[in-house]
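> Residue numbering for the sequence shown follows my numbering, starting at 11 and increasing by one per position.
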Amino acid sequence: MQVGFIGLGIMGASMAANLQKAGYQLVVHDIREASATSHLSAGAKWTESPKSVAAQSEVIFTSLPGPPEVETVALGSNRLIEGIEKKTISVAASVREGQDSLVMARACRHRADG
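Set out below in structure tokens:
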């Protein structure tokens, strides 16, 4: 199974590393490519955009600072939502209770309406 991971800060980097240790193949993206160095060394594939992560993944994790960043990833240029297939699972991992999921849900509605 190909797993996508967007956001390799303190929390995201650890989550992604644990997925790699469990044997999952990762496609990763972060605003700073240097954040992915250890994951790339362990076999992850770098991609230049959230859309590209989505297009290559069956499951996508986002670990982002908050709703503005989730909205940028979901609806900004090269947006995640454009690469997601109907059977893709998206998991928003954040310390904020549900806000990221609500932003992603709005993005999905935006795609369905547009």
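We put the CB at the ideal spot given by N, CA and C, even for glycine.
Under a Cβ-count criterion, where at least 16 other Cβ atoms within 10 Å of its own Cβ denotes burial, should residue 23 be classed as buried or exposed?
Buried, by the Cβ-count rule.
> Specify the secondary structure class of residue 41 as computed by DSSP and reduced to three states.
Looking at residue 41 - three-state DSSP - the assignment turns out to be coil, as it is neither helix nor strand.
> Looking at residue 12: is its Cβ nearer than 7 Å to the Cβ of residue 35?
Yes; because the gap between Cβ atoms is below 7 Å, this pair is in contact.
> By the 10 Å Cβ neighbour count, where 16 or more other Cβ atoms means buried, how is residue 42 classified, buried or exposed?
Flag for residue 42 reads exposed.
> Just the Cα atoms here: how many angstroms apart are residue 92 and residue 64?
Straight-line Cα distance between these residues: approximately 8 Å.
> For residue 125, count the other beta carbons within 10 Å of its own beta carbon; 16 or more makes it buried, fewer makes it exposed. Which is it?
Since the first residue shown for the chain is 11 and the last is 124, residue 125 is missing from the structure and cannot be characterised.
> Assuming residue 72 contacts residue 32 under a Cβ cut-off of 8 Å, what Cβ separation, rounded to an integer in Å, is found between them?
That belief does not hold up - the Cβ atoms of residue 72 and residue 32 are roughly 19 Å apart, past 8 Å.
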